[in-house]
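One structure is given below, encoded as structure tokens.
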Amino acid sequence: GMVSMNARGAGSSRRRSGLPTRRLFKLKDSSVLAISGGDLTKWKGDAVVNAANEWMLGGGGVDGAIHRAAGRDLLKACYDVEPNSEDIRCPTGEARITPGFRLPAKFVIHTVGPVYENKEVSAPLLRSAIKNSLLLCKENGVKSVAFPAISCGVYGYPAGEAAEIAIDTMLEFSEGIDLIEFVLFGKDTYNPFMKKASEKLAVV
Ligand code: ADP
21 GMVSMNARGA
31 GSSRRRSGLP
41 TRRLFKLKDS
51 SVLAISGGDL
61 TKWKGDAVVN
71 AANEWMLGGG
81 GVDGAIHRAA
91 GRDLLKACYD
101 VEPNSEDIRC
111 PTGEARITPG
121 FRLPAKFVIH
131 TVGPVYENKE
141 VSAPLLRSAI
151 KNSLLLCKEN
161 GVKSVAFPAI
171 SCGVYGYPAG
181 EAAEIAIDTM
191 LEFSEGIDLI
201 EFVLFGKDTY
211 NPFMKKASEK
221 LAVV
């Protein structure tokens with residue numbers, strides 16, 4: 021099937037957040053883009069993407085939530101990722117993969133989006149973060165993957181602009197992945213991402 025049965029939105033947290041229902045859009049070939057509201061740490065599927073920082077040793081926002089839910093083994097696995105001479109494990113725009121440990125997802129793909137400066141400087145870096153996350157999916161046989169709104173929290177990326185870049189990049193690099201889902205934590209991202217997807221994509 022196009023959408024594997026074990027890949028669902030986070031039911032109870034979606035109800036708590038009061039956000040509208042999950043909607044499905046067509047990417048390319050048999051790939052589906054879903055948009056839902058909820059908590060990424062509850063999402064069941066092959067991989068969740070973490071909006072990490074360059075040190076990969078935990079932070080706030082979705083990063084903190086993923087580490088709390090996955091347990092201390094995730095921090096150890098991140099620590100074991102080879103750092104460069106400046107202690108950076110994942111430069112902005114790149115991605116790294118670890119197991120998901122106590123998460124329902126099998127893998128965590130850690131990527132680092134840019135701190136927003138302006139469209140010209142920041143867009144290529146956000147695109148690169150999403151592209152490299154999708155390439156890691158393909159290398160690891162990941163067929164279903166959930167993304168948060170990378171860079172749209174403390175990194176300050178305007179959600180509408182980020183949605184446009186994310187969706188364009190997914191259109192380009194979704195081949196071989198059955199389901200890509202945005203699991204969005206609030207109206208501030210859910211509404212602009214749903215709007216962009218509705219403008220750009222056909223519903224399934
Ligand atoms: P960044 O540093 O890349 O901006 P943040 O974690 O600050 O990352 O925010 C990215 C997005 O993730 C924000 O829209 C934030 O509301 C959202 N977020 C925070 N916690 C969760 C969660 N548990 N599930 C899904 N999204 C989350």
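Just so you know, we're using the UniProt record's numbering here: the sequence shown kicks off at 21 and counts up by one.
Beta carbons: idealized from backbone N, C-alpha and C, even for Gly.
Checking the 8 Å criterion, the Cβ of VAL141 is out of range of every heavy atom belonging to the ligand ADP.
Shortest Cα-Cα distance from SER164 to any of THR112, GLU195, ALA72 and ALA179 involves GLU195.
In this structure, PHE127 is the residue among PHE127, PRO144, TRP75 and PRO103 with its C-alpha nearest to the C-alpha of ALA166. If you draw a straight line from the Cα of VAL223 to the Cα of GLU106, it is about 45 Å long. Across the structure, ALA179 and GLU74 are spaced so that their CA atoms are roughly 21 Å apart. Between ALA71 and LEU199, the gap from beta carbon to beta carbon reaches 9 Å or more.
The nearest non-hydrogen atom of the ligand ADP is less than 8 Å from the C-beta of ASN73. Non-local C-beta neighbours of SER142 in its own chain, meaning closer than 6 Å and more than five positions away in sequence, comprise PRO134 and TYR136, ordered along the chain.
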